[in-house]
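K.L.:
Sharing a structure with you now.
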Amino acid sequence: MKQTLLIFLLLLLFIGSCTEESRNKIFKQADNVLGKDLRVSYVADSGKIVKSWTVRDGKVTTHKDEQGTVSGYYYFWSEESGYVQVPIVRVIVEEVK
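Encoded structure:
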């Protein structure tokens, strides 16, 4: 118990001594590791949802080139069909709580 408390206090001291930018990077990395539950839906021209996927404890990503331009596609791993790649312009990403 004492060892756990000591580790917690050291972690708290470390985070407290970091700059705000460093703390933001640390928490963003923690978010990337933890992931989220998401619903990704593909929308047709008419505005109706054609297909939806569930992403559990994961994330939806896109590829950027050296200039920072996005590739135009989202990539993710769904429970229903495994690896999925869909166009960004036709997708709605929602967090499921």
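Just so you know, the working numbering puts 86 at position 83 of the sequence shown, and the rest follows in order with no gaps. All residues carry an ideal CB built from backbone N, CA and C; glycine is no exception. On a predicted model such as this, the values are computed, not experimentally measured, just so you know.
I need the DSSP call for Ser49, collapsed to helix, strand or coil.
P.N.:
Coil.
K.L.:
Can you tell me which of the three DSSP states Ser44 falls into?
P.N.:
Ser44: strand per DSSP, three-state reduction.
K.L.:
Considering Cα atoms alone, identify which of Tyr45, Ser49, Lys62 and Val63 is closest to Ser55.
P.N.:
For Ser55, the nearest C-alpha among the options comes from Tyr45.
K.L.:
To the nearest angstrom, report how far apart Val94 and Met4 are at their CA atoms.
P.N.:
C-alpha separation (whole angstroms): 48 Å.
K.L.:
Output needed for Tyr86: all residues of its chain with C-beta closer than 7 Å, excluding positions within five of it in sequence on either side, in chain order.
P.N.:
Excluding positions up to five away in sequence, the list reads Trp80.
K.L.:
Exposed or buried, what is Val58 when buried is set at 16 or more other beta-carbons lying within 10 Å of its beta-carbon?
P.N.:
Val58 is buried by the Cβ-count criterion.
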